[in-house]
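Down below is the structure, laid out as structure tokens.
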Ligand SMILES: NC(=O)c1ccc[n+]([C@@H]2O[C@H](COP(=O)([O-])OP(=O)(O)OC[C@H]3O[C@@H](n4cnc5c(N)ncnc54)[C@H](OP(=O)(O)O)[C@@H]3O)[C@@H](O)[C@H]2O)c1
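Numbering (the working numbering), first residue to last: 3 to 229.
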């Protein structure tokens, strides 16, 4: 039975990814900050093991990587935050404390998760690793506003782009994936797609990944996004 590990699995896109992989027969290690409150996650049908994981706690990430001894076929580093409201994300009134906090989750926490679990992904059959980024992290699309969120995702993209050739040496495929504008707590009710559609697309993109020196930056629907 193949195995997947997903962070931020208690709501939004992470919850739908968990449902999608569990429905296909994967054993899913579903990570969330507060398992006691993860009611929807607990109700997911299939082989789902819930783990407590705050991705900014690097000791906890390492401890979980030690605890889960089996190979991980698909790792999805999905947990992320948007950061503060628009004024604090505008050049001229930036909130530097919020910038640091956002980087802790979207950059350091995501990269740390990928780094800590790389050995287990390398031992697996599928050997696939995806970081959920955003089109807003595309420097080619730096259309203003959301400085903190955009910067955190652009930095994540660079870290994963550099990780790709390293991971390739171990046979592991790496990608940064944009989930679309999705109706979740982060995306709000006006998003273009629901989380189920996004998760189905992301799953398809991950299935098609191959180890490569250059990581693909793809949207859920397969569209290539300029870096
Ligand atoms: N929705 C969109 O339109 C959109 C567009 C582009 C990219 N994205 C990206 O897609 C990913 C998922 O977003 P979403 O829309 O599903 O957001 P969401 O509904 O706000 O869910 C975010 C998830 O990340 C978890 N999380 C946040 N900080 C964490 C931390 N430090 N440690 C562990 N877990 C943490 C949250 O846990 P708690 O419940 O404990 O807070 C929650 O499970 C994010 O990386 C986001 O940047 C979303």
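All C-beta atoms in this analysis are idealised placements derived from N, C-alpha and C, irrespective of residue type, glycine included.
(message) Between residue 57 and residue 32, how many whole angstroms is the CB-CB distance? I'm expecting something under 8 Å.
(response) If you number the chain shown from 1, residue 57 lands on position 55. If you number the chain shown from 1, residue 32 lands on position 30. Not a contact, Cβ separation roughly 14 Å.
(message) To test your reading of the DSSP string, which unbroken beta strand (DSSP E) runs of 3 or more residues are found completely within the stretch 110-160?
(response) If we require 3 residues or more, the beta strand (DSSP E) runs fully inside the stretch 110-160 come out as 130-134.
(message) At a threshold of 7 Å, does residue 55 count as lining ligand 1 (C-beta to nearest heavy atom)?
(response) Sequence index remark: in the chain shown, residue 55 carries index 53 (1-based). Yes, since a heavy atom of ligand 1 falls inside the 7 Å radius drawn around the Cβ of residue 55.
(request) Check residue 208 in the structure and name its three-state DSSP category. (result) Start at 1 with the first residue of the chain shown, and residue 208 comes out as number 206. In the structure shown, residue 208 falls within a helical segment according to DSSP collapsed to helix, strand and coil.
(request) Report whether the distance from the Cβ of residue 162 to the nearest heavy atom of ligand 1 is below 7 Å. (result) Along the chain shown, one-based indexing puts residue 162 at 160. For ligand 1, not one heavy atom lies less than 7 Å from the Cβ of residue 162.
(message) Shorter than 7 Å, the distance from the beta carbon of residue 188 to the closest heavy atom of ligand 1, or not?
(response) Along the chain shown, one-based indexing puts residue 188 at 186. Between ligand 1 and residue 188, a heavy atom-to-CB distance of less than 7 Å is present.
(request) Please go through the same chain and pick out, in chain order, the residues whose beta-carbon is closer than 6 Å to the beta-carbon of residue 154, but skip the five residues on each side of it. (result) What you label residue 154 is simply residue 152 of the chain shown in a count that begins at 1. The beta carbon of residue 154 is closer than 6 Å to those of 104, 105, 108 and 109 in its chain, skipping five residues each way along the sequence.
(request) Please determine if the stretch 63-73 and the stretch 118-125 are in contact, where contact requires at least 3 C-beta pairs separated by less than 8 Å. (result) At 8 Å Cβ cutoff, the stretches touch.
(message) Suppose you measure from the CA of residue 171 to the CA of residue 95; what does that come to, to the nearest Å?
(response) On the chain shown, residue 171 is found 169 positions in, with the first residue counted as 1. On the chain shown, residue 95 is found 93 positions in, with the first residue counted as 1. Note on geometry: alpha-carbon atoms of residue 171 and residue 95 lie some 43 Å from one another.
(request) Over the uninterrupted alpha helix (DSSP H) stretch that includes residue 178, give me the two end residues. (result) Against the chain shown, residue 178 aligns to sequence position 176. The continuous stretches of alpha helix (DSSP H) do not include residue 178, which lies in the beta strand (DSSP E) extending over residues 175-180.
(message) Could you check whether residue 194 and residue 178 sit closer than 8 Å to each other, using their CB atoms as the reference points?
(response) As a first step, residue 178 is located in the chain shown; it is residue number 176 there, counting from the start. As a first step, residue 194 is located in the chain shown; it is residue number 192 there, counting from the start. No, these two residues do not count as a Cβ contact at 8 Å.
(message) Looking at residue 208: is its Cβ nearer than 8 Å to the Cβ of residue 130?
(response) Here residue 208 refers to the residue found at position 206 of the chain shown. Here residue 130 refers to the residue found at position 128 of the chain shown. Result yes, Cβ atoms of residue 208 and residue 130 sit closer than 8 Å.
(request) Starting from residue 74, trace the alpha helix (DSSP H) both ways and give me its first and last residue. (result) In the chain shown, the residue the question calls residue 74 occupies position 72. For residue 74, no alpha helix (DSSP H) run applies, since DSSP gives it neither H nor E.
(request) Flag this pair as yes or no: are the beta carbons of residue 34 and residue 19 separated by less than 8 Å? (result) For the purposes of this step, residue 34 is taken as residue 32 along the chain shown, with counting starting at 1. For the purposes of this step, residue 19 is taken as residue 17 along the chain shown, with counting starting at 1. Result no, Cβ atoms of residue 34 and residue 19 do not sit closer than 8 Å.
(message) For a cutoff of 8 Å on Cβ pairs, would you count residue 181 as touching chain D?
(response) Of the protein chains in the structure, only one exists, and it is not chain D.
(message) Between residue 234 and ligand 1, is there a pair consisting of the residue's CB and a ligand heavy atom that are separated by less than 7 Å?
(response) A question about residue 234 goes unanswered here, because the residues of the chain that appear run from 3 up to 229.
(request) Mind reading off the beta-carbon distance from residue 213 to residue 169? Whole number of angstroms is fine, and I expect it under 8 Å. (result) Numbered from 1 along the chain shown, position 211 holds the residue referred to as residue 213. Numbered from 1 along the chain shown, position 167 holds the residue referred to as residue 169. Between residue 213 and residue 169 the beta-carbon gap is near 7 Å, inside 8 Å, which marks them as a contact.
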